[in-house]
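One structure is given below, encoded as structure tokens.
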Amino acid sequence: MKNKGIIIFGGTGDLAYRKLLPALYNLHCLGLLPEDYKVVGVGRRDYSKEDYIEIIRKWTSEFSRLKYTDKDFFEFSKRIIYYQMDMTKVAQYRNLLADLDYVNGRTESGWTYYYAVPPKIFGFITDGIRLAGCPLKGAKVIIEKPFGDTMDAAEYIYKNLKQCFSQENIFFIDHYLGKEMIINIMTLRFANAIFGGVWNRNFIEKVEINAFEEVGVGTRGGYYDKSGAMVDMVQNHLFQILSIVAMERPTDSSPEAIKAAQTKLFKELKDIEDPHKIDQLLVMGQYKGYLEEDKIDPESTTETYVALKLGIENDRWRGVPFYLRTGKKMGQKKSEVVISFKSTAGGAQSNKLVIEIQPDEGVKLDFNIKKPGTENTIEKVDMDFCQSCVLENRQNTPEAYERLLMASMDEDRSLFSQWNQIEICWKYINRIMEIYHRFSDKLHVYEPGQEGPLNNF
Ligand code: BG6
Numbered sequence: 053m054k055n056k057g058i059i060i061f062g063g064t065g066d067l068a069y070r071k072l073l074p075a076l077y078n079l080h081c082l083g084l085l086p087e088d089y090k091v092v093g094v095g096r097r098d099y100s101k102e103d104y105i106e107i108i109r110k111w112t113s114e115f116s117r118l119k120y121t122d123k124d125f126f127e128f129s130k131r132i133i134y135y136q137m138d139m140t141k142v143a144q145y146r147n148l149l150a151d152l153d154y155v156n157g158r159t160e161s162g163w164t165y166y167y168a169v170p171p172k173i174f175g176f177i178t179d180g181i182r183l184a185g186c187p188l189k190g191a192k193v194i195i196e197k198p199f200g201d202t203m204d205a206a207e208y209i210y211k212n213l214k215q216c217f218s219q220e221n222i223f224f225i226d227h228y229l230g231k232e233m234i235i236n237i238m239t240l241r242f243a244n245a246i247f248g249g250v251w252n253r254n255f256i257e258k259v260e261i262n263a264f265e266e267v268g269v270g271t272r273g274g275y276y277d278k279s280g281a282m283v284d285m286v287q288n289h290l291f292q293i294l295s296i297v298a299m300e301r302p303t304d305s306s307p308e309a310i311k312a313a314q315t316k317l318f319k320e321l322k323d324i325e326d327p328h329k330i331d332q333l334l335v336m337g338q339y340k341g342y343l344e345e346d347k348i349d350p351e352s353t354t355e356t357y358v359a360l361k362l363g364i365e366n367d368r369w370r371g372v373p374f375y376l377r378t379g380k381k382m383g384q385k386k387s388e389v390v391i392s393f394k395s396t397a398g399g400a401q402s403n404k405l406v407i408e409i410q411p412d413e414g415v416k417l418d419f420n421i422k423k424p425g426t427e428n429t430i431e432k433v434d435m436d437f438c439q440s441c442v443l444e445n446r447q448n449t450p451e452a453y454e455r456l457l458m459a460s461m462d463e464d465r466s467l468f469s470q471w472n473q474i475e476i477c478w479k480y481i482n483r484i485m486e487i488y489h490r491f492s493d494k495l496h497v498y499e500p501g502q503e504g505p506l507n508n509f
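So the sequence shown is numbered by this note's numbering: it starts at 53 and just counts up by one.
Below you can see the structure in the form of structure tokens.
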């Protein structure tokens, strides 16, 4: 079925303005959207179409990856439709969909419904669509994380969605899966004998996966205070990176094989052996000043920093610690995977492979050589491949949302999360959080702009 357009619920929200609409503008400029493809923003605000287009122009000119031009935007704006409604009123969906999806005589749909709203609205949208007699066969739905505030809520959301959309048309988006260097991890591992051969516990000492941000919660306090860093970042983005770093080689390159390899890995996460020692596995922190942020409960104990030490129970990884760390208001924005190899006999320093995800994209490997000169001393040198230093690479690398919107149009599911993974990760995180609240509950307050709480477990 031809892709007809996208209906963005939450069309006046931060995500739509900063990410989705600029991504769609870029796809338009690259000629990747079908000619008559429409972009429908749905929001509560009383905007005319012209008001909405003007707002999008402002955000797009600021956030578009490709150069903004009035000419391109004028063409792009012809695709845009604004629809004002209260998304919690299920009866209002009939009017919206009558014009778009629910046209007499039509049996199939090429529309994609994008839920860019907090999870508490998901149910209203799904019910509204269903009560309006939609979606028709073939319609897709893209769901933003978090998939519910709790495991029960996530289960409910999924059950509800399945009554409305066919399972293969439900796309759980995790925008980290659209990042260039995260996709690149598989090539790095499986297309290089020098890495593939040593990617195991015989050679690797530890693995660190970090995603640090300079920003705080900003305008998203209402949502964030209920989720915290564990649900906002660890349970989805960091676990997805972990699974790609640690999974076995997929049996082939199909999305199904990749997902199966990731899911197997999630099932092999080591359970917490001694709950009394949770402090040796988990450190949680909150930045100083968080309690004064907009829409934050002044007595909130929500974590803005997590450091989690994990193990994997399989032959490849038994005994190798994996450290997952994320935090807001840190010294710098940086996401990376750091693989530390074991030291060799003779006292030389261990090798390190760093996969830089953002803001720089690249791969660094350090190794030991003999220091030039007459003395036989060893020194460490770096091989540094900076992918994003080359302008052409930067220009050719699509933003994560561009890639993911395209992937959903092409029905490439390898770049999306899937329900059984979400379920396993929720369960694992729930267990850790229960143990933490019962046996520790320590929340370290840390200074903004620094390295977060001490976590050298
Ligand atoms: C989102 C989280 O999924 O990812 C945000 O909800 C976080 O809290 C963001 O800021 C980070 O994304 P990126 O692409 O800037 O690393």
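Beta carbons are placed, not taken as given, at the ideal position from N, Cα and C, and that holds for glycine.
Just checking my contact of PRO74 with PHE128 at CB under 8 Å: how many whole Å lie between their CB atoms?
The count along the sequence shown starts at 1 and reaches residue 74 at position 22. The count along the sequence shown starts at 1 and reaches residue 128 at position 76. Contact between PRO74 and PHE128 does not hold, since the beta-carbon distance rounds to 10 Å and is not under 8 Å.
Taking Cβ to Cβ, would you say PHE242 is nearer than 8 Å to VAL193?
Counting from one through the sequence shown, the residue named residue 242 turns up at place 190. Counting from one through the sequence shown, the residue named residue 193 turns up at place 141. Contact check for PHE242 against VAL193 fails: the beta carbons are separated by 8 Å or more.
Which term fits PHE174, buried or exposed, when burial requires 16 or more other beta carbons within 10 angstroms of its beta carbon?
By 1-based counting over the sequence shown, the position of residue 174 is 122. Under a 10 Å Cβ-count criterion, PHE174 is classified as buried, with 16 or more other Cβ atoms of the shown protein chains found around its own Cβ.
Is any heavy atom in the ligand BG6 found nearer than 7 Å to the beta carbon of ASP66?
On the sequence shown, residue 66 is found 14 positions in, with the first residue counted as 1. Checking the Cβ of ASP66 against the ligand BG6 gives no.
Can you list, in chain order, the residues of its chain whose CB lies under 6 Å from that of VAL169, leaving out five sequence neighbours each side?
In the sequence shown, residue 169 corresponds to position 117, counting from 1. So the list reads PHE61, GLY62, once near-sequence residues are dropped.
Report yes if the CB atom of TYR375 is closer than 8 Å to the CB atom of GLN292, and no otherwise.
As a first step, residue 375 is located in the sequence shown; it is residue number 323 there, counting from the start. As a first step, residue 292 is located in the sequence shown; it is residue number 240 there, counting from the start. No, the Cβ-Cβ distance between TYR375 and GLN292 is not below 8 Å.
Hey, how far is the Cα of TYR342 from the Cα of TRP111?
Working through the sequence shown from its first residue, we reach residue 342 at position 290. Working through the sequence shown from its first residue, we reach residue 111 at position 59. Between TYR342 and TRP111, the alpha-carbon positions lie close to 27 Å from each other.
Decide if LEU183 is buried, meaning its Cβ has at least 16 other Cβ atoms within 10 Å, or exposed.
Counting from one through the sequence shown, the residue named residue 183 turns up at place 131. Label assigned to LEU183: exposed.
In angstroms with no decimal places, state the Cα-to-Cα distance between ILE476 and GLN332.
Here residue 476 refers to the residue found at position 424 when the sequence shown is read from its first residue. Here residue 332 refers to the residue found at position 280 when the sequence shown is read from its first residue. Looking at the two C-alpha atoms, the distance is approximately 23 Å.
Would DSSP call PHE247 helix, strand or coil?
To locate residue 247, count along the sequence shown from 1; it is residue 195. Three-state DSSP puts PHE247 in a helix.
Using only the heavy atoms of the ligand BG6, determine whether one of them is closer than 7 Å to the beta carbon of ASP284.
By one-based count along the sequence shown, residue 284 stands at place 232. Answer for ASP284: yes, Cβ within range of the ligand BG6.
Please say whether ILE256 and LYS416 have beta carbons closer to each other than 8 Å?
Position 364 of the sequence shown, counting from 1, holds the residue named residue 416. Position 204 of the sequence shown, counting from 1, holds the residue named residue 256. Against a cut-off of 8 Å, the Cβ pair of ILE256 and LYS416 comes out as no contact.
Boundaries (first-last residue) of the alpha helix (DSSP H) holding GLY274
On the sequence shown, position 222 is the one that residue 274 refers to. Its alpha helix (DSSP H) spans residues 273-281.
Using DSSP bridges, identify the partner residues of CYS438.
Walking along the sequence shown from the start, residue 438 turns up at place 386. Per DSSP, GLY414.
Any non-hydrogen atom of the ligand BG6 within 7 Å of GLN473 CB
Along the sequence shown, one-based indexing puts residue 473 at 421. Checking the Cβ of GLN473 against the ligand BG6 gives no.
Take ALA68 and list the residues in its own chain whose beta-carbon comes closer than 7 Å to its own, dropping the five residues that flank it on each side.
Here the question's residue 68 lines up with position 16 in the sequence shown. The answer, listed in chain order, is ILE60, GLY62, GLY93, ALA168.
Taking ILE348 and ILE296 to be in contact with their CB atoms under 8 Å, please state how far apart those CB atoms are, rounded to whole angstroms.
The residue you call residue 348 lines up with position 296 of the sequence shown. The residue you call residue 296 lines up with position 244 of the sequence shown. Between ILE296 and ILE348 the Cβ distance is about 33 Å, and since that is not below 8 Å, they are no contact.
Given the structure, does PRO170 come close to the ligand MG, in the sense that its CB is under 7 Å from one of the ligand's heavy atoms?
The ligand MG is not among the ligands present in this structure, which contains only the ligand BG6.
Extent of the continuous beta strand (DSSP E) run through HIS496
Within the sequence shown, residue 496 is the residue found at index 444, counting from 1. From DSSP, the beta strand (DSSP E) with HIS496 extends over 496-498.
Quick check on DSSP: helix, strand or coil for ALA359?
Within the sequence shown, the letter at position 307 stands for residue 359. Here ALA359 sits in strand by DSSP.
Residues near ASP367 in its chain [Cβ-Cβ closer than 7 Å; skip 5 each side]
Taking the sequence shown and counting its residues from 1, the one referred to as residue 367 is at position 315. Around ASP367: no qualifying Cβ.
The ligand BG6 heavy atoms versus the CB of LYS197: any closer than 7 Å?
Taking the sequence shown and counting its residues from 1, one reaches residue 197 at position 145. Within the cutoff, so yes.
Comparing the CB of ALA263 with every heavy atom of the ligand BG6, is any distance shorter than 7 Å?
Your numbering for residue 263 matches position 211 in the sequence shown. ALA263 Cβ: within cutoff of the ligand BG6.
Starting from ARG377, trace the beta strand (DSSP E) in both directions and tell me its first and last residue.
By one-based count along the sequence shown, residue 377 stands at place 325. Residues 374-379.
Where do the ends of the alpha helix (DSSP H) carrying ALA263 lie?
Here residue 263 is taken as the residue at index 211 of the sequence shown, counted from 1. Element bounds for ALA263: not the alpha helix (DSSP H) but the beta strand (DSSP E), 256-264.
For MET336, the residue or residues it bridges with in DSSP
By one-based count along the sequence shown, residue 336 stands at place 284. According to DSSP, residue pairing for MET336 in a beta bridge involves VAL358.
What span of residues does the beta strand (DSSP E) with THR164 cover, start to end?
Within the sequence shown, residue 164 is the residue found at index 112, counting from 1. Counting along the chain, the beta strand (DSSP E) containing THR164 begins and ends at 163-167.
How do the stretch 349-365 and the stretch 333-340 stand: do at least 3 beta-carbon pairs fall below 8 Å, yes or no?
Contact between the stretch 349-365 and the stretch 333-340 is present, because at least three Cβ pairs lie under 8 Å.
Regarding HIS289 and the ligand BG6, is the C-beta to nearest heavy atom distance less than 7 Å?
Taking the sequence shown and counting its residues from 1, one reaches residue 289 at position 237. HIS289 Cβ: within cutoff of the ligand BG6.
Boundaries of the beta strand (DSSP E) in which ILE225 is found, first to last residue
One-based indexing of the sequence shown puts residue 225 at position 173. It is not in any beta strand (DSSP E) - ILE225 carries neither H nor E in the DSSP assignment.
Beta-bridge pairing of GLN502 - partner residues as DSSP gives them
For the purposes of this step, residue 502 is taken as residue 450 along the sequence shown, with counting starting at 1. As computed with DSSP, GLN502 is found in a beta bridge with MET382.
Bounding residues of the alpha helix (DSSP H) (the contiguous stretch that carries ILE44)
Residue 44 is absent from the model: the chain starts at 53 and stops at 509.
Rounding to the nearest angstrom, what Cα-Cα distance links ARG377 and SER161 in this structure?
Position 325 of the sequence shown, counted from the first residue, corresponds to residue 377. Position 109 of the sequence shown, counted from the first residue, corresponds to residue 161. Each residue's alpha carbon lies about 42 Å from the other.
Can you name the start and end residues of the alpha helix (DSSP H) that GLN447 belongs to?
Start at 1 with the first residue of the sequence shown, and residue 447 comes out as number 395. It spans 443-448 - the alpha helix (DSSP H) in which GLN447 sits, taken as one unbroken run.
What would DSSP say about VAL193, mapped onto helix, strand or coil?
Numbered from 1 along the sequence shown, position 141 holds the residue referred to as residue 193. In the structure shown, VAL193 sits in a strand (DSSP, three-state: E or B).
Residue burial classification, ASP277 (beta-carbon count within 10 angstroms, cutoff 16):
Residue 277 sits at position 225 when you count from the first residue of the sequence shown. Burial of ASP277 is indicated by the presence of at least 16 other C-beta atoms within 10 angstroms of its C-beta.
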